[in-house]
Amino acid sequence: MSHGLLLTFEITILVLAIFLGFEVISKVPTLLHTPLMSGTNAIHGIVIVGAMLVAGLDHKDTLTSVIGLVAVVLASANVVGGFVVTDRMLEMFKKREKKPEP
Amino acid sequence: MSREVTNLLYLITIVTFILALRFLSNPATARRGNQIGAGGMLVAIVVTFLQKGVNSYWEIIVGMVVGGTFGAVAARRVHMTAMPQMVALFNGVGGGAAALISLAEFHLHAPDPGMLQGDISSSIVLSAIIGSISFSGSMIAFAKLQELIRGRPITYPLQQVVNGLLFAAILAAGIAIVAGAEQQWLMWAILGGASVFGILFVLPIGGADMPVVISLLNAFTGLAAAATGFELENNVLIVSGMLVGASGTFLTIMMGRAMNRSVANVLFGAFGQLAPPAPGAAAGGDDSQVRSTTVDDVAVMLGYAHKVVIVPGYGMAVAQAQHDVRALADLLETRGVEVSYAIHPVAGRMPGHMNVLLAEANVPYPQLKEMEEANAEFPRTDVALVIGANDVVNPDARNNPGSPIYGMPILNVDSAQQVVVLKRSMNPGFAGIENPLFLNPKTVMLFGDAKESIEKLATAVKHL
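Chains as they are written, first to last, in our numbering: chain A, 8 to 109; chain B, 47 to 510.
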């Protein structure tokens with residue numbers, strides 16, 4: 008596939024993702040706006056893929072090595088922290104508690 | 047694995063992320079959605095390990111262990127009241143990662159000027175700028191929320207001019223790169239300049255406007271991730287980044303609307319600094335006085351009411367009073383009082399902040415009422431109990447065109463039979479705006495720390 012053709016496909020999925028994003032997110036009740044925020048926070052941790060692609064290169068110079076390593080550290084913190092914090096939050100949302108407060 | 051195969055496998059991840067967001071439309075399914083999303087993230091990581099070109103593992107492993115441990119420990123330890131700064135922190139590191147990826151890509155692929163294709167170099171520049179702003183801006187937001195630096199707007203002379211010039215310089219460097227001047231120092235200049243810009247950009251924005259800022263920075267990191275996807279020609283980055291970008295934009299607009307202010311006004315207005323004391327701002331009449339009351343009086347009011355609506359604000363979060371509030375509500379419910387909570391969309395420091403705190407205190411979510419629903423209930427309410435909220439219940443937003451918050455939708459607590467305001471002191475709220483609610487003849491004030499006051503109230507109600 009030519010570079011130009013690939014770019015048109017990329018722009019197409021970008022625009023579709025914008026509309027899909029608004030569609031899905033407008034259905035989230037305000038009750039869950041904080042989990043929405045931290046959940047999407049975890050999702051942008053997907054930059055870990057980019058960080059791995061940089062850090063995993065063969066025969067790279069020291070600078071790239073260091074940048075890759077730091078990028079993986081930051082992105083991993085983003086991924087793990089984001090999902091764990093969101094899970095902790097969502098666990099608390101209950102209709103009626105099962106056991107009384109200790 | 048070839049790029050074609052990995053890009054196809056990344057589709058699994060894309061689908062799980064969309065499902066995760068869809069499941070968030072209902073509190074009953076939201077947690078499962080988040081777990082599905084985490085599973086999708088794991089798929090993406092495994093697939094990337096197997097991708098052609100990823101051959102050196104030690105940096106990845108070491109980085110994951112260090113970053114993952116930090117993320118897990120921080121996420122486990124954080125108190126629910128500190129959630130806004132935690133979200134800001136994770137947002138910032140994501141933006142930082144995106145900016146670093148761009149730096150590395152540029153360093154690797156621009157050995158000679160004019161070698162990069164225009165779309166690749168523009169996405170590198172975009173991701174570097176947006177990612178850096180998001181990184182440093184989020185760190186300042188974190189520092190403000192953690193009270194490492196003061197939360198009030200920090201302003202200096204010619205602020206807008208300095209920021210404008212700096213941004214123009216960053217843009218010029220970016221355009222130079224895209225135009226073919228692929229000098230390494232230009233890239234470093236962009237990263238440095240954009241980081242400084244992020245700091246200058248968030249510093250003047252006050253604590254009460256944080257819901258808008260955090261939403262916006264969230265959108266920024268998403269956009270930076272999407273731009274990174276263009277430079278790496280990677281579909282999962284483009285789609286996931288853009289989903290987050292859309293979500294952050296949506297929340298930013300929602301928060302702006304909930305304050306009846308344009309987003310531009312929030313970002314560049316340095317709220318509270320510029321607000322002139324409008325004549326007649328305290329339109330309660332000159333003879334009105336603040337009426338202070340005692341715990342025992344309030345306990346009687348609450349204990350013999352039919353319906354009580356609790357209006358929490360940032361003061362409840364600061365005092366960490368959510369568990370005590372819940373305990374008080376339980377006591378009232380055993381006496382047959384109907385209790386619900388009225389949640390303003392911008393109460394607290396991030397969208398939905400109060401909902402999370404009350405959920406932590408085991409308040410069943412059907413009791414948490416959104417603004418419109420709550421406003422319909424206030425006329426049938428005996429006592430509105432305002433805990434550390436100020437601007438979101440200020441009737442000037444309805445009545446006084448001279449008020450800086452005029453037009454902002456508020457919780458109409460003044461249509462309840464009686465209003466009890468729990469407040470630390472008579473200092474005006476964050477924005478420095480007078481609140482005529484406190485002078486309303488229906489209103490009584492109970493001064494003191496919210497947590498202590500609620501504890502005492504609970505004891506007093508018990509002995510009724």
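Just so it is clear, CB atoms sit at the ideal spot from N, CA and C, and this is done for glycine as well. Values in this document were obtained by computation on a predicted structure and should not be read as measured data.
Let me confirm a value: residue i is counted as buried when at least 16 other C-beta atoms fall within 10 Å, else exposed. Which label applies?
{"i": "B/Gln-230", "result": "exposed"}
{"i": "B/Asp-255", "result": "buried"}
{"i": "B/Gly-294", "result": "buried"}
{"i": "B/Phe-317", "result": "Only weak support exists for where B/Phe-317 lies, its pLDDT of 45 falling under 50; the coordinates are left without a value."}
{"i": "B/Pro-325", "result": "In this prediction, B/Pro-325 has a pLDDT of 40, which is less than 50 and means its spatial position is unreliable; what the coordinates show is noted afterwards. That one is exposed."}
{"i": "A/His-40", "result": "buried"}
{"i": "B/Gly-109", "result": "buried"}
{"i": "B/Tyr-387", "result": "buried"}
{"i": "A/Asp-68", "result": "exposed"}
{"i": "A/Gly-75", "result": "buried"}
{"i": "B/Glu-546", "result": "Beyond the ends of chain B as shown, which are 47 and 510, falls residue 546 of chain B; an answer cannot be given."}
{"i": "B/Asn-101", "result": "exposed"}
{"i": "B/Phe-296", "result": "buried"}
{"i": "B/Asp-370", "result": "buried"}
{"i": "B/Met-400", "result": "buried"}
{"i": "B/Ala-227", "result": "exposed"}
Against residue i, what residues of chain A qualify as contacts under a CB-to-CB distance less than 8 Å, listed in chain order?
{"i": "B/Ile-260", "result": "Met-44"}
{"i": "B/Pro-350", "result": "The residue asked about is misnamed: residue 350 of chain B is Tyr in this sequence, not Pro. Within 8 Å Cβ-Cβ: nothing; B/Tyr-350 doesn't reach chain A, min ~25 Å."}
{"i": "B/Ser-102", "result": "Ala-62, Gly-63, Leu-64, Asp-65 and Lys-67"}
{"i": "B/Val-336", "result": "Within 8 Å Cβ-Cβ: nothing; B/Val-336 doesn't reach chain A, min ~32 Å."}
{"i": "B/Ala-128", "result": "The contacting residues do not exist; B/Ala-128 stays about 10 Å from chain A at best."}
Using a Cβ cut-off of 7 Å, pull out every chain A residue sitting near residue i, in sequence order please.
{"i": "B/Glu-228", "result": "Under the 7 Å cutoff, chain A gives no residues; its nearest Cβ is about 16 Å from B/Glu-228."}
{"i": "B/Ile-186", "result": "None at all; the shortest Cβ gap to chain A is about 17 Å."}
{"i": "B/Thr-298", "result": "Correct list: empty, because the minimum Cβ distance to chain A is about 11 Å."}
{"i": "B/Glu-11", "result": "Past the boundaries of the shown model lies residue 11 of chain B; chain B is included only from 47 to 510, so the question cannot be answered."}
Find the residues of chain A that neighbour residue i, judging by a C-beta separation of less than 9 Å, and give them in chain order.
{"i": "B/Ser-293", "result": "Gly-28, Phe-29, Val-31, Ile-32, Val-35, Leu-43, Met-44, Gly-46, Thr-47 and Ile-50"}
For residue i, which residues of its own chain have a beta-carbon under 6 Å away from its beta-carbon, when the five flanking residues on both sides are left out?
{"i": "A/Pro-107", "result": "With a pLDDT of only 49 at A/Pro-107, under 50, the local geometry of the prediction cannot be trusted, and the value read off the model is given with reservation. Around A/Pro-107: no qualifying Cβ."}
{"i": "B/Ile-195", "result": "Ala-189"}
{"i": "B/Thr-339", "result": "Val-490 and Leu-492"}
{"i": "B/Lys-502", "result": "Val-341"}
{"i": "B/Gly-177", "result": "Gly-141, Ala-144, Ala-145 and Ala-270"}
{"i": "B/Leu-263", "result": "Asn-137, Ser-180, Gly-183 and Ser-184"}
{"i": "B/Leu-246", "result": "Asn-209"}
Determine, for residue i, whether the minimum Cβ-Cβ distance to residues of chain A falls below 9 Å.
{"i": "B/Val-108", "result": "yes"}
{"i": "B/Tyr-202", "result": "no"}
{"i": "B/Gly-252", "result": "no"}
{"i": "B/Leu-503", "result": "no"}
{"i": "B/Val-112", "result": "yes"}
{"i": "B/Gly-275", "result": "yes"}
{"i": "B/Asn-401", "result": "yes"}
{"i": "B/Asp-255", "result": "no"}
{"i": "B/Pro-412", "result": "yes"}
{"i": "B/Asp-165", "result": "yes"}
{"i": "B/Gln-192", "result": "no"}
{"i": "B/Gly-382", "result": "no"}
{"i": "B/Tyr-360", "result": "no"}
{"i": "B/Ser-386", "result": "no"}
{"i": "B/Thr-267", "result": "yes"}
{"i": "B/Ser-499", "result": "no"}
{"i": "B/Ile-456", "result": "no"}
{"i": "B/Asn-280", "result": "yes"}
{"i": "B/Gly-183", "result": "no"}
{"i": "B/Asp-333", "result": "Any answer about B/Asp-333 is weak, because its pLDDT of 49 lies below 50 and its placement is not dependable; what the coordinates show is given next. By this cut-off, B/Asp-333 is not an interface position."}
{"i": "B/Val-546", "result": "With chain B covering only 47 through 510, there is no way to say anything about residue 546 of chain B."}
{"i": "B/Ile-91", "result": "yes"}
{"i": "B/Val-139", "result": "yes"}
Find the residues of chain B that neighbour residue i, judging by a C-beta separation of less than 7 Å, and give them in chain order.
{"i": "A/Leu-21", "result": "Ala-272, Ile-284 and Met-288"}
{"i": "A/Leu-12", "result": "The premise fails here: A/Leu-12 is roughly 12 Å from chain B at the closest Cβ pair, so nothing lies under 7 Å."}
For residue i, which residues in chain B fall below 8 Å Cβ to Cβ?
{"i": "A/Ser-72", "result": "Glu-105"}
Under 7 Å Cβ-Cβ, which residues of chain D neighbour residue i?
{"i": "A/Thr-93", "result": "This model lacks chain D altogether; the protein chains it does include are A and B."}
Does the CB of residue i have a neighbour CB from chain B at under 9 Å?
{"i": "A/Ser-83", "result": "yes"}
Please go through the same chain and pick out, in chain order, the residues whose beta-carbon is closer than 7 Å to the beta-carbon of residue i, but skip the five residues on each side of it.
{"i": "B/Pro-323", "result": "Confidence is the limiting factor: at B/Pro-323 the pLDDT is only 40, short of 50, which leaves the residue's position unreliable, though a coordinate-based value still follows. Here the set comprises nothing."}
{"i": "B/Val-438", "result": "Gly-359, His-390, Val-392, Ala-393, Ile-456 and Leu-457"}
{"i": "B/Val-258", "result": "Thr-298, Met-301, Gly-302, Val-309 and Val-312"}
{"i": "B/Ala-90", "result": "Tyr-56, Thr-59 and Val-282"}
{"i": "B/Ala-215", "result": "Gly-239"}
{"i": "A/Phe-26", "result": "none"}
Bridge partners for residue i per DSSP, in chain order?
{"i": "B/Ser-338", "result": "B/Met-491"}
{"i": "B/Gln-97", "result": "For B/Gln-97, which the question treats as bridged, DSSP gives no partner whatsoever."}
{"i": "B/Ala-388", "result": "B/Lys-415"}
{"i": "B/Val-466", "result": "B/Leu-431 and B/Val-490"}
{"i": "B/Pro-358", "result": "B/Ile-433"}
{"i": "B/Lys-353", "result": "B/Glu-384"}
Mind checking whether the beta-carbon of residue i lies closer than 8 Å to any heavy atom of the ligand FMN?
{"i": "B/Pro-487", "result": "The model on display carries no ligand, and the ligand FMN is accordingly not part of it."}
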